[in-house]
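A.B. asks: In this note's numbering, the protein residues as written are 235 to 474.
If you scroll down you'll find the structure; I have some questions about it.
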Amino acid sequence: MPKPVVPEEKRRRRRPTRSGTVLSERLIVETALRMLREHGSTGLTARRLGLALDADPSTLYRYFRGMDDLTLAIGDALIGQALEGWEPTGEWRRDLREVGLRIHAAYVAHPQAALLTTSRVTGRANELAADEAVLDVLRTAGFPLADTVRIYHAFIDQTLAFAALDAASLALPSAALRADEHQWRTTYAHLPVDRYPRIAEAAPLLAARMVTSAYPTALDMFLDSAAHRLAVGGGSAESL
Numbered sequence: 235m236p237k238p239v240v241p242e243e244k245r246r247r248r249r250p251t252r253s254g255t256v257l258s259e260r261l262i263v264e265t266a267l268r269m270l271r272e273h274g275s276t277g278l279t280a281r282r283l284g285l286a287l288d289a290d291p292s293t294l295y296r297y298f299r300g301m302d303d304l305t306l307a308i309g310d311a312l313i314g315q316a317l318e319g320w321e322p323t324g325e326w327r328r329d330l331r332e333v334g335l336r337i338h339a340a341y342v343a344h345p346q347a348a349l350l351t352t353s354r355v356t357g358r359a360n361e362l363a364a365d366e367a368v369l370d371v372l373r374t375a376g377f378p379l380a381d382t383v384r385i386y387h388a389f390i391d392q393t394l395a396f397a398a399l400d401a402a403s404l405a406l407p408s409a410a411l412r413a414d415e416h417q418w419r420t421t422y423a424h425l426p427v428d429r430y431p432r433i434a435e436a437a438p439l440l441a442a443r444m445v446t447s448a449y450p451t452a453l454d455m456f457l458d459s460a461a462h463r464l465a466v467g468g469g470s471a472e473s474l
């Protein structure tokens, strides 16, 4: 049975670590993000995290029920970073686009953490705030409740799916990432026209676009569809 997490007020009264650092959930999460960035998911263990914080690994369990609980906190922290400073403008399409781009960018900035967390549901404060904000934007815009839920579902999953895809590329060893990108400028750029006429005519554009994220384009296409549904009024958004 997992140990209960110690309430925040009791954690604050604990003595500092050997180096004089006062632990907090935020400090532990920030240190874990740094370790993921530098060493990948295999480098994030309670023992190594304790060493990085100059604290006994068992101390971490006063803040988190286990490493999985820490993983959820990391995911929630990324959402918090994404929404920091964001305020709705009242223009639903502009607001959804901004939220989507912010969430995608926050995950891609921490590719190793994104691979661990994009498929998880944290149920924590930042995730709840993001969900509430997106649902409110849609309802305030006039979408019926059923359409709101469908659009919200597709919007969140598309954003996280692209974040996971783009993070997976960025998490590759540098040599592998360069080799993949090089294929568009070499193999694809020199395919015989008689066998691959469509690839050949598109090769220069493919070389330029395929090494960037398609998320902004996909997001705009998605929002176009949602705007059309709202404009025609009523009906179902199943086609989104």
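Backbone N, C-alpha and C define an ideal beta-carbon position, used for all residues, glycine too.
With 16 other CB atoms within 10 Å as the buried threshold, where does Met269 fall?
C.D. replies: Met269 comes out buried.
A.B. asks: Could you check how far apart the C-beta atoms of Ile262 and Tyr295 are, in whole angstroms? I think they sit under 8 Å.
C.D. replies: Actually they are not in contact, since the Cβ atoms of Ile262 and Tyr295 sit about 11 Å apart, beyond 8 Å.
A.B. asks: Once the 5 residues before and after Ala311 are set aside, which same chain residues still bring their CB inside 6 Å of it?
C.D. replies: Contacts found: Val263.
A.B. asks: Is the region 392 to 409 close to the region 343 to 351, with three or more CB pairs under 8 Å?
C.D. replies: The answer is yes - the region 343 to 351 touches the region 392 to 409, with three or more Cβ pairs under 8 Å.
A.B. asks: Put Leu330 into one of helix, strand or coil per three-state DSSP.
C.D. replies: Three-state DSSP puts Leu330 in a helix.
A.B. asks: Taking 8 Å as the cut-off, decide whether the C-beta atoms of Ala316 and Ala340 are in contact.
C.D. replies: Yes, these two residues count as a Cβ contact at 8 Å.
A.B. asks: Across the region 272 to 291 and the region 317 to 336, are there enough close Cβ pairs to call them in contact, namely three or more that are closer than 8 Å?
C.D. replies: Cβ pair count under 8 Å is below three, so no.
A.B. asks: Where does Ser258 sit, in a helix, a strand or coil, going by DSSP?
C.D. replies: DSSP places Ser258 in coil when its eight states are reduced to three.
A.B. asks: Going by C-alpha to C-alpha distance, which of Ala434, Ala401, Trp418 and Ala409 sits closest to Tyr449?
C.D. replies: It is Ala401.
A.B. asks: By the three-class DSSP mapping on this structure, what secondary structure does Glu272 have?
C.D. replies: In the structure shown, Glu272 sits in a helix (DSSP, three-state: H, G or I).
A.B. asks: Along the alpha helix (DSSP H) that carries Val445, what are the first and last residues, could you check?
C.D. replies: No alpha helix (DSSP H) holds Val445; DSSP gives it neither H nor E.
A.B. asks: Kindly confirm or deny that the region 326 to 334 and the region 450 to 466 touch, where touching means at least three C-beta pairs closer than 8 Å.
C.D. replies: Yes: at least three Cβ pairs fall under 8 Å.
A.B. asks: Assuming Leu379 and Trp326 form a contact by the criterion Cβ under 8 Å, report the distance between their Cβ atoms to the nearest whole angstrom.
C.D. replies: In fact, because the Cβ distance is near 15 Å, the residues do not count as touching under 8 Å.
A.B. asks: Is it right to say Ala307 is buried, meaning 16 or more other beta carbons lie within 10 angstroms of its own, or is it exposed?
C.D. replies: Classification of Ala307: buried, given that the 10 Å Cβ count is 16 or more.
A.B. asks: Do you know offhand how far Asp458's Cα is from Asp365's?
C.D. replies: The straight-line gap from Cα to Cα measures roughly 21 Å.
A.B. asks: Using a 10 Å radius around the Cβ and a threshold of 16 neighbouring Cβ atoms, would you call Gly309 buried or exposed?
C.D. replies: That one is buried.
A.B. asks: Out of Thr305, Ser292 and Ile433, state which residue places its alpha-carbon closest to the alpha-carbon of Ser275.
C.D. replies: Closest option to Ser275, Cα to Cα, is Thr305.
A.B. asks: Go through the region 404 to 467 residue by residue and report every complete run of the alpha helix (DSSP H) that reaches 4 residues or more, in order.
C.D. replies: Runs of the alpha helix (DSSP H) inside the region 404 to 467: 408 to 419, 431 to 443 and 449 to 466.
A.B. asks: Considering just the uninterrupted stretch of the alpha helix (DSSP H) at Pro345, what are its terminal residues?
C.D. replies: Counting along the chain, the alpha helix (DSSP H) containing Pro345 begins and ends at Pro345 to Thr351.
A.B. asks: Report, in whole angstroms, the separation of the C-beta atoms of His338 and Thr393, which I expect to be a contact under 8 Å.
C.D. replies: Contact holds; Cβ gap of about 6 Å.
A.B. asks: DSSP on Pro322, reduced to helix/strand/coil?
C.D. replies: Reduced to three states, the DSSP call for Pro322 is coil.
A.B. asks: Hey, out of Ser353, Pro291 and Ala461, whose CA is closest to Phe377's CA?
C.D. replies: The shortest C-alpha separation from Phe377 is found at Ala461.
A.B. asks: Buried or exposed: Arg463, going by 16 or more other Cβ atoms within 10 Å of its Cβ?
C.D. replies: With 16 or more Cβ atoms within 10 Å of its Cβ, Arg463 is classed as buried.
A.B. asks: Kindly indicate which residue of His424, Asp381 and Asp414 has the alpha-carbon position closest to the one of Val466.
C.D. replies: Comparing Cα positions, the closest option is Asp381.
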